[in-house]
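Below is one structure, written out as structure tokens; the observations come after it.
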Amino acid sequence: MLDTRELGRRPGSERQVSRTVAAPADLGIEVLHVPEGSPVELDLRLEAVMEGVLVTGTAQAPLAGECARCLEPISDEIEVRFQELFVYDDHALPEDEDNEVSMLQDDLVDLEPLLRDAVVLALPFQPLCEEDCPGLCPECGARLADDPGHAHEAAIDPRWAALAEIKTQTEQN
Ligand SMILES: [Zn+2]
Ligand SMILES: [Zn+2]
0 MLDTRELGRR
10 PGSERQVSRT
20 VAAPADLGIE
30 VLHVPEGSPV
40 ELDLRLEAVM
50 EGVLVTGTAQ
60 APLAGECARC
70 LEPISDEIEV
80 RFQELFVYDD
90 HALPEDEDNE
100 VSMLQDDLVD
110 LEPLLRDAVV
120 LALPFQPLCE
130 EDCPGLCPEC
140 GARLADDPGH
150 AHEAAIDPRW
160 AALAEIKTQT
170 EQN
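Under numbering that gives the first Met the number 0, the sequence shown has 118 at position 119, and the numbering climbs by one with no breaks.
The following block contains the structure:
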């Protein structure tokens with residue numbers, strides 16, 4: 000929660016805020032997220048306007064997850080930008096607008112929904128350990144990036160070999 004009372008509701012007054020907060024739970028998507036409790040660095044500008052406070056800023060946070068192809072753990076960083084107008088809760092709004100705007104609660108800004116949306120939008124749908132990760136061997140599950148020359152001999156299971164033989168004989172008869 001950010002306190003905007005220092006701005007005194009005077010349009011044009013502004014304030015820079017830098018702070019580090021602990022990441023809330025479930026920030027991100029299942030395969031790639033900001034670990035709960037890890038530091039999220041916020042750099043914000045709060046600017047009073049007629050109807051509320053405009054919040055513009057960036058957030059930087061560590062990311063952890065796993066590669067969608069080879070399941071290797073990924074650790075990365077994310078930086079997101081956001082901007083949102085928070086309207087004073089006693090500011091009269093046209094009826095059809097009040098569902099879509101963010102509201103200040105007693106002149107406090109709740110940044111969490113904003114941060115959540117910005118992070119989820121910025122994450123790749125399928126995180127990869129490297130851009131051209133070759134994934135896992137479909138036959139033995141080995142991670143192909145660790146073993147580029149990986150190959151299997153086209154060995155036929157002896158039971159299938161026996162079947163193949165029977166089939167050939169049948170065809171000959
Ligand atoms: Zn990978
Ligand atoms: Zn293999």
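Positions of the beta carbon are idealized from the N, C-alpha and C atoms, including for glycine. On a predicted model such as this, the values are computed, not experimentally measured, just so you know.
In the DSSP annotation of this structure, the continuous segment of the beta strand (DSSP E) that includes Asp-75 starts and ends at 72 to 86. Across the structure, Pro-112 and Gly-134 are spaced so that their CA atoms are roughly 34 angstroms apart. Leu-6 is the residue among Ala-58, Leu-6, Ala-21 whose C-alpha sits nearest the C-alpha of Arg-14. When C-beta atoms of the stretch 10 to 29 are compared with those of the stretch 112 to 124, three or more pairs fall below 8 angstroms, so the two segments count as touching.
The bridge partners DSSP lists for Asp-2 are Leu-107.
About 7 angstroms separates the beta carbon of Asp-2 from that of Asp-106, a gap short enough to meet the 8 angstroms contact definition.
If you look at Asp-42, you'll find it in the beta strand (DSSP E) that goes 38 to 48.
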